[in-house]
Amino acid sequence: MHLEYNVEGGDFTRAGYASSQIKKTLKQLNVDATVIKRVVVALYEAEVNIVAHAYRGVIYADINGAGIQLRLADEGPGIADVDMAMKRGFSTASREVREMGFGAGMGLPNISENADNFSIDTIVGKGTTLNIEIKF
Amino acid sequence: MSQTTYHRALEIMSDICIGCSHCMKVCPTEALRVSGGKAKIHVDWCIDCGECYRICPTRAIRVMDDDFKHIFDFKHRVLLVPSVFYAQFDENISKEKIYAIIGELGFTEICAVEQSVDSLLDEENEYLKTAVKPAISSFCPSVIRLIQVRFPSLVDHIMQLLPPIEITAQYYKNKFKREGIPENDLGIFYLTPCIGKIAAIKSPVGGYTSPINGVINMDFFFNKVFLAYKQRIPITQTVKVSREISSKGVLFPTTGGESVHIEGKTLAIDGMANVIDFLEMLENEEIEGMDFLELRACDESCAGGILSHRNRFLMANSMKEYACKMPVTHNLTEDYKKYCSAVIHMEKIEPRSMVKYDRDIEVALKKMEGARELKLLFPGIDCGACGAPSCEALAEDIVKDQADINSCIFLRTLYEKRGEMSLEETIAIMENIWGKDRFIKKK
Chain A
1 MHLEYNVEGG DFTRAGYASS QIKKTLKQLN VDATVIKRVV VALYEAEVNI
51 VAHAYRGVIY ADINGAGIQL RLADEGPGIA DVDMAMKRGF STASREVREM
101 GFGAGMGLPN ISENADNFSI DTIVGKGTTL NIEIKF
Chain B
1001 MSQTTYHRAL EIMSDICIGC SHCMKVCPTE ALRVSGGKAK IHVDWCIDCG
1051 ECYRICPTRA IRVMDDDFKH IFDFKHRVLL VPSVFYAQFD ENISKEKIYA
1101 IIGELGFTEI CAVEQSVDSL LDEENEYLKT AVKPAISSFC PSVIRLIQVR
1151 FPSLVDHIMQ LLPPIEITAQ YYKNKFKREG IPENDLGIFY LTPCIGKIAA
1201 IKSPVGGYTS PINGVINMDF FFNKVFLAYK QRIPITQTVK VSREISSKGV
1251 LFPTTGGESV HIEGKTLAID GMANVIDFLE MLENEEIEGM DFLELRACDE
1301 SCAGGILSHR NRFLMANSMK EYACKMPVTH NLTEDYKKYC SAVIHMEKIE
1351 PRSMVKYDRD IEVALKKMEG ARELKLLFPG IDCGACGAPS CEALAEDIVK
1401 DQADINSCIF LRTLYEKRGE MSLEETIAIM ENIWGKDRFI KKK
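These protein sequences, in sequence, are chains A and B. So in our numbering the end of the first sequence lands on 136, straight run, no missing numbers. So in our numbering the end of the second sequence lands on 1443, straight run, no missing numbers.
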């Protein structure tokens, strides 16, 4: 099954919508609760990253009997130093973003920990695509 | 015998049900449908919250409580009374009068359900030192069932401690044992404002066996007591009353009455929709730094209990006034600490899956995709004329072969216009869902 959600940069009040919808779908499919939790944590983190850092993006989810493939493609500034971004606690988020409780800088490592497969393709000045795979 | 569909605490009496679909619209787990002009419960999805009971205009939903006569099977008949019960009455009716009537109706001893609250709160604070945070109060049975059914990933957050009623019942069992009274002579009865509590005692969560012998419906019992009061029945029996209760105990079943005594960062949330919203956020890990959640299914907590009849705000206020007159702790607290424990016998709480489509994920995926395509055909106004609570629910039912696409009144009209369906067929479908006699004008 294929699902698609648009995400707008800067729209924090709606951040988490795609995660909630995908969570609902997985629950209805009777996927194991601990697996759903990993999907939601990774996806929510990644969704908020688009809102906080990019101009806009699309979340593509493909679900089959074996697992879920998530692709989050954004148009945005890209990540200059991926290794640095993967470090715990590192953040380029602005003060306003941190004040809303986002941008603590644990995003990417947290996504990686919850995923079975995780990759980042990024072009500075163009955008970032995350590929997250979680097996059922 | 009337045809009935029941699950745990609730039963729909088909002979009284008029198939008005009010219940279907309020069910938080979409467990109700209308067919043949009657409401039907999807048993696995029901969480015994009682929202359907509350809204039913014809009182067609019955609570599976115990037969009152059952109390006389026992020589000693203890009634555990929640503080919300006294708040049902006007302030001019004294508690002494109410005690005397309860005795006259057959009970030999009366005790407050919340007598165990003082020692329980200590145990809760102790438990929280090592618990998964935020810990969710185990007090409200509908919240526990809601989490099991709709938020299975959060079951580990539910505090594994018994609620006050079970501890007070334990205390009585123990007390009578110490006094050398044979176990078979003692009947412990719980007067309940809550349908969920009935289900919780009949089929408890966490593999625990309750010492409670029977559950008395508060709505039923209020009428019995109030009638006796109005008719001024003579008092011929004596009843023993255990008067020990603290202000904490009185207020425990009101909103914030539990969380206010818990150390750390706590929140008290009441009302089913509010609780669901918050659990969604908690499940998404959007909530940080919270230690304890007091979640109650009813608005104003037990003052808004399904079997309470008086206005919930007046009741909560009565309870506050009552609490002002009570001490901060009571004389039996040490005894409770000595003889009872909230932790015993409580095993792991298991998730209860709703199984929307199928246990096999490949089959479930196929059905879900089918339902998504079907949903696009429907008007999306959730009118309920098909006998399902929403267009989405109808689509789900169709792919599970539990409903037909022609159930949608909008599609039927289209098919009729295209000449693919006759007027007779479309009327027959309507009668199938809503009952044959429905369209006969009532005198």
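Every residue, glycine too, gets a C-beta built ideally from N, C-alpha and C. Bear in mind that the values here come from a model prediction, so they are computed numbers and not experimental data.
Assuming Ala15 (chain A) contacts Glu47 (chain A) (C-beta within less than 8 Å), just tell me the rounded distance between them. 6 Å
Of the residues A:Lys37, A:Asn30, A:Thr122, which one's Cα is nearest the Cα of Asp81 (chain A)? A:Thr122
Which chain B residues sit within Cβ distance under 7 Å of Met1 (chain A)? Leu1365, Met1368, Glu1369
Residue-chain proximity (Ser1153 (chain B), chain A), Cβ-Cβ < 9 Å: yes
Contact set for Met1001 (chain B): own chain, Cβ-Cβ below 7 Å, skip 5 residues either direction: Note that Met1001 (chain B) scores a pLDDT of 30, beneath 50, so its modelled location is shaky and nothing firm can be said.
Helix, strand or coil for Tyr1006 (chain B), going by three-state DSSP, please let me know. Note that Tyr1006 (chain B) has pLDDT 37, beneath the 50 cutoff, so the model's placement of it is unreliable and the number below is only indicative. In this structure, Tyr1006 (chain B) counts as strand in the three-state DSSP scheme.
Can you name the residues of chain B whose CB is closer than 7 Å to the CB of Gln28 (chain A)? Lys1356, Tyr1357, Met1368
So, is the C-beta of Tyr44 (chain A) closer than 9 Å to a C-beta in chain B? yes
For Val1275 (chain B) versus Ala1303 (chain B), is the C-beta spacing smaller than 9 Å? no
Where Met1001 (chain B) falls: helix, strand or coil (DSSP): Here Met1001 (chain B) scores only 30 on pLDDT, less than 50, and its place in the model should not be relied on; the value that follows carries that caveat. Note: Met1001 (chain B) maps to coil in three-state DSSP.
Taking Phe118 (chain A) as the query, report the chain B residues whose CB atoms sit under 8 Å from its CB, ordered along the chain. Going along chain B, no residue has its Cβ under 8 Å from Phe118 (chain A), so there is no contact; the nearest lies around 18 Å.
Hey, quick one: how far does the alpha helix (DSSP H) through Asp1219 (chain B) stretch, first residue to last? 1218-1230
Apply the 10 Å Cβ neighbour rule to His2 (chain A) and answer buried if 16 or more other Cβ atoms are within range, or exposed otherwise. exposed
Would you kindly check if the distance between the Cβ of Glu1030 (chain B) and the Cβ of Ser1390 (chain B) is under 9 Å? yes
If contacts are defined as beta-carbon pairs under 8 Å, then Leu1128 (chain B) and Phe1252 (chain B) qualify, I think. What distance do you get, rounded to the angstrom? Not a contact, Cβ separation roughly 16 Å.
Tell me, please, which residues DSSP counts as bridged to Tyr1322 (chain B). In DSSP, Tyr1322 (chain B) forms no bridge with anything.
Residue-chain proximity (Glu1183 (chain B), chain A), Cβ-Cβ < 9 Å: no
Quick one: which chain A residues come within Cβ less than 7 Å of Glu1373 (chain B)? Here the premise fails: no neighbours, minimum Cβ distance about 11 Å.
Hey, Ala1081 (chain B) and Ile1110 (chain B): beta-carbon distance below 9 Å or not? It is Val, not Ala, that sits at residue 1081 (chain B) in the sequence shown. Result yes, Cβ atoms of Val1081 (chain B) and Ile1110 (chain B) sit closer than 9 Å.
Which partner residues of Arg1062 (chain B) appear in the DSSP bridge assignment? B:Glu1011
Am I right that Pro1076 (chain B) and Leu1186 (chain B) are in contact with their C-beta atoms under 8 Å? What's the rounded C-beta distance? First, the residue type needs correcting, since residue 1076 (chain B) is His and not Pro in the sequence shown. Correct: roughly 5 Å between the Cβ atoms.
When burial is assigned at 16 or more other CB atoms within 10 Å of the CB, is Asn117 (chain A) buried or exposed? exposed
Supposed close pair Cys1049 (chain B), Met1368 (chain B) - CB separation, criterion 8 Å: Cys1049 (chain B) to Met1368 (chain B), Cβ: 26 Å. No contact.
Taking a contact to mean a Cβ-Cβ separation below 9 Å, would you say Ile1071 (chain B) touches Gly1106 (chain B) in this structure? yes
My understanding is that Lys1366 (chain B) touches Ala1395 (chain B), with C-beta atoms under 8 Å, so please give their C-beta distance in whole angstroms. Not a contact, Cβ separation roughly 14 Å.
Residue range of the unbroken beta strand (DSSP E) whose run includes Gln69 (chain A): 67-75
Would you say Ser112 (chain A) reaches chain B, if we count a Cβ-Cβ gap shorter than 9 Å as a contact? no
Secondary structure of Phe1292 (chain B), DSSP reduced to three states: strand
If we count Cβ pairs, one from each stretch, closer than 8 Å, do we get three or more for the stretch 44-62 of chain A versus the stretch 70-77 of chain A? yes
Alpha carbon to alpha carbon, what distance is there between Asn1174 (chain B) and Glu1051 (chain B)? 36 Å
Using a C-beta to C-beta distance shorter than 7 Å, which residues of chain B count as neighbours of Lys37 (chain A)? Ser1153
On the criterion of 16 or more Cβ atoms from any shown chain inside 10 Å, does Pro1152 (chain B) qualify as buried, or is it exposed? buried
Please indicate yes or no: does the CB of Lys1038 (chain B) lie closer than 8 Å to some heavy atom of the ligand FMN? Ligands in the displayed structure: none, and consequently the ligand FMN is not present.
Are Met1319 (chain B) and Thr1254 (chain B) close, meaning C-beta to C-beta below 9 Å? yes
For Gln1088 (chain B), tell me which candidate among B:Leu1314, B:Asn1331, B:Leu1161 has the shortest Cα-Cα distance. B:Leu1314
Ile1361 (chain B): contacting residues in chain A (beta-carbon distance under 8 Å): Leu29, Asn30, Val31, Gly65, Phe136
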